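Position one of the sequence shown corresponds to residue 223 (the numbering used here), numbered consecutively onward.
Here is the structure we will look at.
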Amino acid sequence: MKLFMFPVLPEGEQKRPELLARNPFGKLPVLDYLERLLDSGGSFLAGSQVAVGDCTLAAALQFGRFRELDFLVDHPALSRWDAEYRARPAATSVLVL
């Protein structure tokens, strides 16, 4: 059984074929939100320490890597956060990178 997810896009926004080529789920507005949040210079989503949201985001991005989805190309702050989060000793001791 295949599961396809179609995100709800803001009214009037069209799916962009160039994004669909890299991401079969279409444009993910949540990535734009996280990009803005992390672009403000924070180390973690909710402040200066790792929180549940960071762990959840790391797990979601790990699944994306497993499926070879290339959805961080247009999100440099999120890409930076991902690399820094995975480089932490606590993460390198449990993640298969």
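We put the beta carbon where it would ideally sit given N, CA and C, even for glycine.
Predicted model, so just to flag it, every value in this text is computed and none were measured.
Cβ separation of residue i and residue j, assumed to be a contact under 8 Å, to the nearest whole Å
i, j, result
"Glu-257", "Ala-299", "5 Å"
"Lys-266", "Asp-276", "Just to set this straight, residue 266 is Phe in the shown sequence, not Lys. That belief holds up - the Cβ atoms of Phe-266 and Asp-276 are roughly 5 Å apart, short of 8 Å."
Three-way DSSP call (helix, strand, coil) for residue i in this model
i, result
"Phe-285", "helix"
"Leu-263", "Looking at the sequence itself, residue 263 is Gly, so the reference to Leu does not match. Gly-263 falls in the coil class under three-state DSSP."
"Ala-309", "helix"
Burial state of residue i, where buried means 16 or more other Cβ atoms lie within 10 Å
i, result
"Tyr-307", "buried"
"Asp-292", "exposed"
"Asp-304", "buried"
Below-9 Å beta-carbon distance, residue i vs any chain C residue
i, result
"Asp-254", "Note that chain C does not occur in the displayed structure, where there is just one protein chain."
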